[in-house]
Every structure is written in C-alpha cells, then in structure tokens.
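Before any comments, here is the structure.
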Amino acid sequence: MKRVALLIGLDNASQFTPLKAAVSGAKAMRDWLAAEGYGTTLLTDEGGSVSVANVKSALRSIIQDGETEKLVVYFAGHGLLNGFSGLWMLSDAMHDVDEVIDVSRNVEAARTCGVKSVVFISDACRLLPNSVSQSRTSGATVFPVMNDHSVDVEVDRFFATRPGAPAP
Numbered sequence: 755m756k757r758v759a760l761l762i763g764l765d766n767a768s769q770f771t772p773l774k775a776a777v778s779g780a781k782a783m784r785d786w787l788a789a790e791g792y793g794t795t796l797l798t799d800e801g802g803s804v805s806v807a808n809v810k811s812a813l814r815s816i817i818q819d820g821e822t823e824k825l826v827v828y829f830a831g832h833g834l835l836n837g838f839s840g841l842w843m844l845s846d847a848m849h850d851v852d853e854v855i856d857v858s859r860n861v862e863a864a865r866t867c868g869v870k871s872v873v874f875i876s877d878a879c880r881l882l883p884n885s886v887s888q889s890r891t892s893g894a895t896v897f898p899v900m901n902d903h904s905v906d907v908e909v910d911r912f913f914a915t916r917p918g919a920p921a922p
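First residue of the sequence shown? That's 755 in the numbering used here, and the numbers climb one at a time after it.
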C-alpha cells in the first residue's frame, strides 16, 4: 500500500502578516509522516512563491500513478472562511483571487480521485475576510478531474480551529 503526503507551508502570503512557523510546521509534519512510511512532497515559500499550478502539478503526479492508497494533504499558512469553506491563501492570494485553495471544493473533488483514503489537515486560521479584497477570494480546485467512481473514497478533514477563529 503506497502512502503519500503533500505538505504545503507558507510563511508569507501577499498582504498578510508574515508567519514564523508555517514552513517549519510543514517540515516537521513531513519528517513525522516520512518516519511513518509516507512518501512526501513538500512545497514551501522559502525559495519563492507557491501557486495553484504548483499544487495541482504535485497532486496530479501523486494521484495519476494509480498506486496511492492513502493521501494526506497538509497546509500550514494563512486561511480565511468563505461561507462554510476554509480557504488556503497561497503566495499571491491577494493579488490574484485564483491563487487560493477552497478546502470544501477539494474534499468533493477528492471523492472521485481513486485514492481510497484522503485526509486534509488545515493548520490555518478560519477567519472572516476583513477587507473587500479578501472577500473577493473564491478558491480553486487543485485535485485533478479523475471521475473514478470505482473506489469508495474516505475523506477526512481536520482543522486547527473552529470557523471564525484564528489558529492557535
């Protein structure tokens, strides 16, 4: 059984206060999952920006091999709440409304990805937008369209905080 984790850590998202431990948190989670036998892919903003295209490409290569049975998608960084969905703010989120990941849309997309178990871990705030520009973000789907209905996919979500609250 192949177990894989995609870990995303962003200390800096445009127009947000820089974080001190999102990248180190993603690295610590990577190290722990690797020790548990997971193959890992780490995307951080240490060497430059992280985009929706980067995340899509990483997920596509993980899922399309057809061998992954467990997938963990971990995000540490800035987050917002849009209705009932959490949004993960990528590097250029406030300059490009398409550079945001919508957790709920991806949970639904994961249900037909062919991976038996998908876990989303969101180490991010779930605050309401506090400006017009923040309220314009809608969030992208980063899971590839697989339409594999032959696998009963179990999807779990874990959030660092309740809706409307900052992450500790």
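Cβ coordinates follow ideal geometry from the N, Cα and C atoms, glycine included.
If you ignore the 5 residues before and after Lys-774, its C-beta comes within less than 6 Å of no other C-beta in its own chain. With respect to the C-alpha of Glu-853, the residue from Ala-863, Val-896, Ala-788 and Asp-902 having the closest C-alpha is Val-896.
Contact check between the stretch 781-793 and the stretch 845-859: fewer than three CB pairs, one atom from each, fall below 8 Å, which does not count as touching.
The C-alpha of Thr-891 lies about 19 Å from the C-alpha of Asp-765. Pairing Val-827 with Cys-867 gives a Cβ-Cβ distance that is not under 8 Å. Thr-798 is classed as buried because its beta carbon has at least 16 other beta carbons within 10 Å across all chains shown. Not a single unbroken stretch of the alpha helix (DSSP H) spanning 4 or more residues falls wholly within the stretch 825-862. Straight across, the Cα-Cα distance linking Gly-833 with Arg-859 is about 15 Å. A residue is called buried once 16 or more other Cβ atoms fall within 10 Å of its Cβ, and Val-806 is buried on that count. At a Cβ-Cβ threshold of 8 Å, Gly-831 and Ala-782 do not count as neighbours. Spanning the alpha carbons of Val-886 and Leu-841 requires a straight line of approximately 16 Å.
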